[in-house]
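These notes are about the structure you will find just below.
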Amino acid sequence: MEQARILVVDDERDYNETIVKRLRRRGFEAETALSGPEALELLGRKSFDVALLDIMMPGMDGIEVLRELKKRTPEVEVILLTGHASVESGVLGMSIGANSYLLKPVDFDELLAAIGQAYERKRLSGGGA
Amino acid sequence: MKTLDFKRLRLSIIVFTVGFSLLPLLVLGIGVKQRFSSAYQDALRGNLRTLVESKRNAIDLFLNERLSQVTTLASALSYEESSDQATLERIFALMQSSTRYYIDIGVIGMDGYHMAYAGPYNLEGLNYKNEEWFSKVTSKGVYISDVFLGFRKVPHIIIAVLRREGNRSWIVRATIDSDIFESFVKRVQMGRKGDAFLLNDKLVLQTNPRFGGHAMEDMELPFRVEGRFQGVRVQELTVSHRSYLYGWTWLENKDWMLVIREDPEDELRPLFEAEYLVWLLLAGGVAVIIAGTVIVTNTMVRRLEKAEREKAELDANLTQSGKMAALGKMAAGVAHEINNPLAIIREQAGWIKDLLEEDEVKAVPQYKEIYDSVHRIEHHVERAKTVTHRMLGFARRMEPSLHEVDFNKLLGETVQFLKTEALLRNIEVRLNLGENLPPTKSDPTQLQQVFLNLIDNAIDAIGKNGQITLTTRFDADKNELAAVFVDTGCGIPPETLDKIFDPFFTTKKPGEGTGLGLAIAFGIIEKLGGRITVTSAVGKGTTFTVYVPAV
């Protein structure tokens, strides 16, 4: 089974880069983006299967990025991450099209599971299309 | 502090009310008194005027009558009849039979000697030719004298009439006892200081006054007399620091002046009595007003105090809610801020763990130490995460999912959770559940969390050996369910009692409690539309009561 291509979008460089390192170590193809516009730009150039999206980001926040992403590349599955336990933003994110919603600090195994589930869904829907 | 304010309020209300009620009353009282007094004074003056007038008229009439009697007598008798001693004595006896005003009567010839005399004195041989009255009557025809002693040395007045018949003239002279005038004025010498007397035009007393002189002496008057005038004068005058009402007038037939003095104090006695009554009524009115004011004010202030206390309670509740909301927001912000670095720490630790899987790293002698250390980092990140997630849970503004909940059943279940714990510590849990309680619409998990927190706290407060009594009941009037948690624990000191619902307030050792239990309970119950109250006595125990609306 091919490994998922993952885009990690978070304004915290330390978090972002470590996640990417850990994902790459596990064989994922992972890229970092430190802001919403950067992520959208990267998505325009490269194709990804799953995007990890932080909701609270300066400038363009995760929900806006999600909207834009779903417009441009609806096939990319999105996992929302936040340090803020706002159910509203979670529900909103899901309604816009996020695959799941995780609360920081997230257990890495949980994250891997979420990624696996999202990737599977993408492959299934992609296969069906 | 509050009570002091109410005392002052009560005092100022009483002072103002009494002041504003009494002012018009006093003004009215004084005004009425003044009007009354001035009206009375007017009446007094009027009375005095009438009195003076009537007295003057009486004296005038008297003199008039006497004068006309003597005149009649003089003109009725012929010269022969007049000079006849027997006739004169008969006529005198006749005159005296009806009135006894006259002392004697005499007929005097122009030579000044008596031609005839009827009376008690022996005046034979006396010559009047050089007397003042003799010349007066000779020139004027009629004369009424002032009071004088004359030859007989007794105060009297004379009425003399000149009679002519042809070329013969003679004088008929009647003597009148001046006591008659005394009796006229005596009757109006009223009261303790009242006086009445007659004066001639040279201010010589004609009668004995009660005060300040005798007949035929000069009299000092407190007013000036400048010649005759018509009518009566009335004036209030001060004599030796005492106020008197004087009335005076001239007689019409004689140059005598009648003076009547009244002591207003005597006359005003009825007024003073009326005044006394007015003051008494006024004092009664004042007493009633003061009593009424005090009663009304007390009632009012008591109600106000009660309202204030209720408001303070309400305020305290509102403040608590506001505090909760603000702290909720703050907690959420703090939790979020901490979650991000926590996430990074966790990922860094995770990365180290990843790297520890490399064979070269495993060969490092300190491998075990590093491995342990990383695990501990992860463990404590996990611990911190529980705190922040709890904080977020506390702040979470989600509506509770409402179901119909059986209060008793839920409480029973909750007790089951903690039964072992209680048994171990020798704490007896008594259930005193009300029967036929209606259900409440509530979020069962949240409500259970509240019960759990409260029982948990009760167990902690007791420590070992004690009792927890759980009571449920229903208040039909308020349509409210209540669960009462009574423990026999250490109690909460009053100074911390109002802080126990504040987030992060804890009396437990660090690591044992987050200080969020009661704050969460408070938030949950408030969201369910209920409230939590607490009473506590140090050393005796604490009672928490949870109220939630029934369906």
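Protein chains in written order, with my numbering: chain A, 1 to 129; chain B, 1 to 551. We treat Cβ as the ideally placed atom computed from N, Cα and C, and that holds for glycine.
Where residue i falls, given that 16 or more other Cβ within 10 Å makes a residue buried
i	result
Glu2 (chain A)	exposed
Pro264 (chain B)	buried
Arg26 (chain A)	exposed
Phe272 (chain B)	exposed
Gly227 (chain B)	exposed
Gly523 (chain B)	buried
Gly231 (chain B)	exposed
Val106 (chain A)	buried
Glu299 (chain B)	Note on identity: in this sequence residue 299 (chain B) is Thr, with Glu being the wrong assignment. When all chains shown are included, Thr299 (chain B) counts as exposed.
Arg224 (chain B)	exposed
Gly125 (chain B)	exposed
Trp279 (chain B)	exposed
First through last residue of the beta strand (DSSP E) which encompasses residue i
i	result
Met257 (chain B)	256-262
Ile157 (chain B)	156-165
Pro444 (chain B)	Careful: Pro444 (chain B) lies outside any beta strand (DSSP E), inside the alpha helix (DSSP H) at 444-462.
Ala482 (chain B)	480-487
Gly106 (chain B)	102-109
Tyr121 (chain B)	First-last for Tyr121 (chain B): undefined, no H or E at that position.
Three-state secondary structure assigned by DSSP to residue i
i	result
Thr238 (chain B)	strand
Glu131 (chain B)	coil
Gln41 (chain B)	helix
Met56 (chain A)	coil
Pro549 (chain B)	strand
Glu369 (chain B)	helix
His114 (chain B)	strand
Ala51 (chain A)	strand
Met398 (chain B)	Per-residue confidence for Met398 (chain B) stands at a pLDDT of 41, beneath the threshold of 50, marking its modelled position as unreliable; the derived number appears in the next sentence. Met398 (chain B): coil per DSSP, three-state reduction.
Ser576 (chain B)	Past the edges of chain B, shown from 1 to 551, lies residue 576 (chain B), and the structure says nothing about it.
Asp475 (chain B)	strand
Arg49 (chain B)	helix
Ala274 (chain B)	helix
Ala335 (chain B)	helix
Phe223 (chain B)	coil
Gln467 (chain B)	strand
Ser78 (chain B)	coil
Phe108 (chain A)	helix
Ala4 (chain A)	coil
Beta-carbon gap between residue i and residue j smaller than 7 Å
i	j	result
Asp255 (chain B)	Asp218 (chain B)	no
Val172 (chain B)	Leu73 (chain B)	yes
Gly439 (chain B)	Val551 (chain B)	In the sequence as presented, Gly is not what sits at residue 439 (chain B); that position holds Pro. Closer than 7 Å, so yes.
Phe417 (chain B)	Ala458 (chain B)	no
Lys104 (chain A)	Ala343 (chain B)	yes
Ser178 (chain B)	Ile157 (chain B)	yes
Ile14 (chain B)	Thr297 (chain B)	yes
Asp49 (chain A)	Ala4 (chain A)	yes
Ile345 (chain B)	Val381 (chain B)	yes
Leu40 (chain A)	Val78 (chain A)	no
Val405 (chain B)	Ser373 (chain B)	no
Met110 (chain B)	Ser83 (chain B)	no
Val429 (chain B)	Ile462 (chain B)	no
Thr590 (chain B)	Gly491 (chain B)	For chain B, the structure presents residues 1 to 551; residue 590 (chain B) sits outside this window and is missing.
Glu89 (chain B)	Ala118 (chain B)	yes
Val204 (chain B)	Thr71 (chain B)	no
Ala326 (chain B)	Met391 (chain B)	no
Asn340 (chain B)	Gly83 (chain A)	yes
Leu51 (chain B)	Leu245 (chain B)	no
Ile290 (chain B)	Val538 (chain B)	no
Residue span of the alpha helix (DSSP H) that contains residue i, given as start and end
i	result
Ala215 (chain B)	It is not in any alpha helix (DSSP H) - Ala215 (chain B) carries neither H nor E in the DSSP assignment.
Ala39 (chain A)	36-45
Ser183 (chain B)	179-186
Ser145 (chain B)	First-last for Ser145 (chain B): undefined, no H or E at that position.
Glu31 (chain A)	Taken as a continuous stretch (DSSP letters only), Glu31 (chain A) belongs to no alpha helix (DSSP H), being part of the beta strand (DSSP E) at 29-33.
Asp14 (chain A)	13-25
Thr535 (chain B)	Counting along the chain, Thr535 (chain B) falls outside any alpha helix (DSSP H), though it belongs to the beta strand (DSSP E) covering 531-537.
Quick one, which residues of the stretch 321-346 of chain B are near chain A if we go by CB-CB under 9 Å, in chain order?
Ala332, Gly333, Ala335, His336, Glu337, Ile338, Asn339, Asn340, Pro341, Leu342, Ala343, Ile344, Ile345, Arg346
Of all the residues that make up the stretch 11-26 of chain A, which are near chain B by a beta-carbon distance shorter than 7 Å?
Glu12, Asp14, Tyr15, Thr18, Ile19, Lys21, Arg22, Arg25
With 8 Å as the C-beta to C-beta threshold (strictly closer), list the residues of the stretch 92-106 of chain A near chain E in chain order.
Absence of chain E from the displayed structure is noted, the protein chains being A and B.
Could you name the residues of the stretch 365-388 of chain B whose beta carbon sits closer than 9 Å to any beta carbon of chain A, in the order they occur along the chain?
Val381, Glu382, Ala384, Lys385, Thr388
With 9 Å as the limit, tell me which residues of the stretch 72-83 of chain A have their beta carbon closer than that to any beta carbon of chain B; keep them in chain order.
Leu81, Thr82, Gly83
For the stretch 349-361 of chain B, list every residue whose C-beta sits within 8 Å of some C-beta in chain A, in sequence order.
Gly350, Trp351, Asp354
Chain B contacts from the stretch 107-118 of chain A (Cβ-Cβ distance under 9 Å)
Asp107, Phe108
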